[in-house]
Amino acid sequence: MTIYRKIHQAVGAAVDEAITSGALTLSTDMPVFVVEPPREAAHGDLATNVAMVLAKPAGKPPRAIADILKPLLAAHADVTGVEIAGPGFINLRLRPEIWLDEAREIIRAGTHYGDSDAGRGVRVNVEYVSANPTGPMHVGHCRGAVVGDVLASLLKKAGYDVCREYYINDAGAQVDVLARSVFLRYREALGENIGEIPQGLYPGDYLVPVGKMIAGQDGAKWSAAAEAEWLPRFRAIAVDAMMALIRADLVALNVHHDVFMSEKSLVDSGKVDAALALLQGKGLIYEGVLEPPKGKLPDDWEARPQTLFRATEFGDDTDRPLKKSDGSWTYFASDIAYHFDKFTRGFPLMVDIWGADHGGYVKRLQAAVAAVTGGQGRLEVRLCQMVNLLKDGQPFKMSKRAGTFVTLRDVVDEVGADVVRFIMLTRKSDAQLDFDLAKALEQTRDNPVFYVQYAHARCCSILRHAAELFTPDELSEAGLAKADLSKIASEDELLVIKNLANWSRIVESAAAAQEPHRVAFYLMETAASFHGLWNKGNDNAALRFIIPADKPLTHARLALIAAVRTVLRSGLGVLGCQPMEELRSDATAAA
RNA sequence: GCGCCCGUAGCUCAACUGGAUAGAGCAUCAGACUACGAAUCUGGCGGUUAGGAGUUCGAAUCUCUUCGGGCGCGCCA
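In case it helps, the numbering used here puts the first sequence at residues 266 to 856.
What follows is the structure, encoded as structure tokens:
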């Protein structure tokens, strides 16, 4: 159990005791309170707001409640001091050994340190990327891919049962366009001069090998055929080929999925019809005419009756069309079916990662999920704002093969997957992000990736040097866990451990808020606290980690270093970044 | 016109979801290497949290409103 949880329980027990003894009477249920590190380290080890949240239910001023709880908390074996401060905070001081035990626990747990059961095994489906299978991934997909991938890892670490999913939009009109584009490349492969790629088709030369492949397999049998004859085959082959490109891009970015769900398979299996029939049965579908959209009116707008979903009954601003004028389902309709399918596969909680340009779509799909699951399923959507790609402050253009856009591969080739991943998380996802490829490779303080990697490499460097004084056994994790940590006495060192002990709280709160960027910020903080400690040794040689004349002290400090390294690894693991053993030119990733 | 997101130090951003004196980096000023990597660190300067009103023990955070920026607004996905 973490220190925070332990003390949280102790505070809860103190309140219960006060209620039992009659000192406190609550008019409502016990409110939620927190135990957290105080803003000022001088205020103690931990602080709780319990007296303030109890003020109303107990009908007493916060400080009076704190006075009642103070002696009860002071009696706890781990508490060495209780102070009441400010409007009614209760500040606690703990035995230093508590923190030293935590350092030992970190080394023992390894990168599993920080694992939490807060998610209680709830099954959650995280859907991300879901780029259309019409070409390689472009830079615009980067952020959502990383945010989704890291959020999934974070939820898993926080105790959720996570499924990572990709939705293949292989049923829409854009796949017909893709097939026609490939057909052109097919004729080209047969020796025909196709000239310029017409407007409206995909011009990228990544389609050239697909056309060649079909020409190689099928010969000229399609060249004079009607579109209706060749279209199905070209669609299928083209989608497969594009998904192969996309999967390779995902591998390059170290992004993983458990399930690739095909929209076409959903349509073919009748699940769209079934889901819509379900809504029909609930009386939520009707034929009607929508008001024209406010603001600028589309030129070809005309009022006409449509098949509509009563989204307004579930909080949307207007009812939404389910069928196109040609009678086929809209994308919205198959999306309803898709999310209903997720729900029936056992995911009461669904998280979708979308680009901000889809923001207007959130309400209607949440309305649909509420309707089709009878309120049992919950959809949450995290929107990712745009990334402005720069190099030395100038907009970055590369587009070596794709025609008009910068591919994800261009970016990964330029700076590496680890850097891309980390930088994508240096802002909360609903804020715009400038990504300067030149700065991302700088080895300076203002490059957060480097800064964190440097801290990890420094830990490794110290442990390498320690091999001159200690046996491999003594430097193993088991050996370091046995170090006499009571040698660690300085406030600076304890502060570093207190920061490490925050890791599991960060995991829980970042997972609850679905904000993976908090992990990146925490790692920067952890790196800063460690770099600070390291430099204390410059001013005062007695604070250096390796003191050859005092092996027990050195061993204890090495254990502290190992704990720092462990938490950095654990955090980098969540981010999907490789921790670096060294950052020299011959740098290699940790095994 | 409507909806969503956003507005915090000169710049780029945090603030553990309502907590204490709003914190970091960059820039700027003043300092620290006979070392385990100074690619780092220590300190100073810098704020009416866009403006106004409200909710309560307490607001950057919640509500309303004004201003400013971004995205979206039938039969694209």
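Cβ coordinates follow ideal geometry from the N, Cα and C atoms, glycine included. Quick caveat, the model's predicted, so the values are computed rather than measured.
- In the three-state reduction of the DSSP assignment, E461 falls in the coil class.
- Here Q631 is buried, its C-beta having at least 16 other C-beta atoms within 10 Å.
- In terms of Cβ geometry, E367 and I433 do not form a close pair [threshold 8 Å].
- Here G553 is bridged, per DSSP, to Q571.
- When DSSP states are grouped into helix, strand and coil, F810 belongs to the coil group.
- Between A621 and M651, the C-beta gap is smaller than 8 Å, which places the two residues in contact.
- Per DSSP, the unbroken alpha helix (DSSP H) holding F499 starts and ends at 492-517.
- In its chain, beyond the 5 residues on either side, F810 have a beta carbon closer than 6 Å to the beta carbon of R822.
- Secondary structure remark: continuous alpha helix (DSSP H) runs of at least 4 residues inside the segment 753-805, in chain order: 756-766, 768-778, 782-804.
- Going by DSSP, S418 is part of no beta strand (DSSP E) but of the alpha helix (DSSP H) stretching over 407-422.
- Residues W495 of the same chain have their beta carbon placed closer than 6 Å to that of W487, with the five preceding and five following residues left out of the count.
- For R388, the CB contacts under 6 Å within the same chain, skipping 5 residues up- and downstream, are D426, G611, F612 in chain order.
- Distance from the CA of I333 to the CA of I363, rounded to the nearest whole angstrom, comes to 25 Å.
- Between L365 and D310 the beta-carbon gap is near 13 Å, outside 8 Å, which marks them as no contact.
- Taking a contact as a CB-CB distance under 8 Å, the pair T577 and P586 does not count as one, their CB atoms being some 13 Å apart.
- Within the model, the alpha-carbon separation for M845 versus K607 is close to 38 Å.
- Excluding sequence positions up to five before and after C725, its CB lies within less than 6 Å of the CB of E846, all in the same chain and listed in chain order.
- Under the three-state reduction of DSSP output, K656 falls in the strand class.
- CA-CA distance, H796 to F298, rounds to 34 Å.
- Secondary structure note for D441: its alpha helix (DSSP H) is the uninterrupted segment 438-454.
- The Cβ neighbour count for T709, taken over all protein chains shown within 10 Å, is under 16; the residue is labelled exposed.
- Rounded to whole angstroms, the separation of the alpha carbons of G351 and I771 is 26 Å.
- Leaving aside the five residues that flank F605 on each side, the residues in its chain whose CB is nearer than 6 Å to its CB run, in chain order, A540, V637.
- Between the alpha carbons of A436 and L543 lies a distance of about 22 Å.
- Per DSSP, N314 has no beta bridge partner at all.
- For S395, the closest alpha carbon among the candidates G413, D380, S381 is that of G413.
- Of the candidates G553, L291, A501, the residue whose Cα lies closest to the Cα of V280 is L291.
- Taking 8 Å as the cut-off, the Cβ atoms of C842 and R643 do not count as close.
- Among the bridge pairs identified by DSSP, T595 is matched with none.
- Cβ neighbours of T345 within its own chain (closer than 7 Å, five residues either side excluded): R358, L359, R360.
- One thing to note: A776 has its Cβ no nearer than 8 Å to the Cβ of G386.
- Distance check between K588 and each of D581, F574, M689 places F574 closest, using alpha-carbon atoms only.
- For A828, no beta strand (DSSP E) run applies; the uninterrupted alpha helix (DSSP H) run containing it begins and ends at 816-840, by DSSP.
- Burial is judged here by how many other beta carbons sit within 10 angstroms of a residue's own beta carbon; V415 has at least 16 and is buried.
- Between R692 and H623, the C-beta gap is not smaller than 8 Å, which leaves the two residues out of contact.
- Taken through DSSP and simplified to helix, strand or coil, K588 comes out as strand.
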